[in-house]
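Structure first, then comments.
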Amino acid sequence: MVFVKVRDAEHLEEALKRFKRECEKNGILKEIKRRETYMPPSVKRKIKSQEAQRRARRTKRRRF
Numbered sequence: 001m002v003f004v005k006v007r008d009a010e011h012l013e014e015a016l017k018r019f020k021r022e023c024e025k026n027g028i029l030k031e032i033k034r035r036e037t038y039m040p041p042s043v044k045r046k047i048k049s050q051e052a053q054r055r056a057r058r059t060k061r062r063r064f
């Protein structure tokens, strides 16, 4: 849970900006987007495998 106290003589826009920054820092928006749709375990495994292959290709390119 993210809490932001509004300081003395601080505009609401500044406090809102700090709140958004804290949410982004804690990964809350990323988690919300991830939970928006249900993804079956088979699809999760497929995506994880594709990402691993992509990382492997990238590291292979960087070695040469």
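According to the UniProt record's numbering, the stretch in the sequence shown is residues 1 to 64, in order.
Where is the CB? At the ideal position from N, CA and C, for every residue including glycine.
Note that the coordinates shown come from a computational prediction; the quantities given were computed from them, not determined experimentally.
- Two segments are said to touch when three or more pairs of C-beta atoms, one from each, lie closer than 8 Å; by this definition the segment 19-35 touches the segment 2-9.
- Collapsing the DSSP output to three states places Val6 in coil.
- If the five residues before and after Phe19 are omitted, its C-beta is found closer than 6 Å to the C-beta atoms of Val4, all from its own chain and listed in chain order.
- The C-alpha of Lys60 lies about 45 Å from the C-alpha of Ala15.
- Counting only the Cα atoms, Arg7 lies some 16 Å from Arg21.
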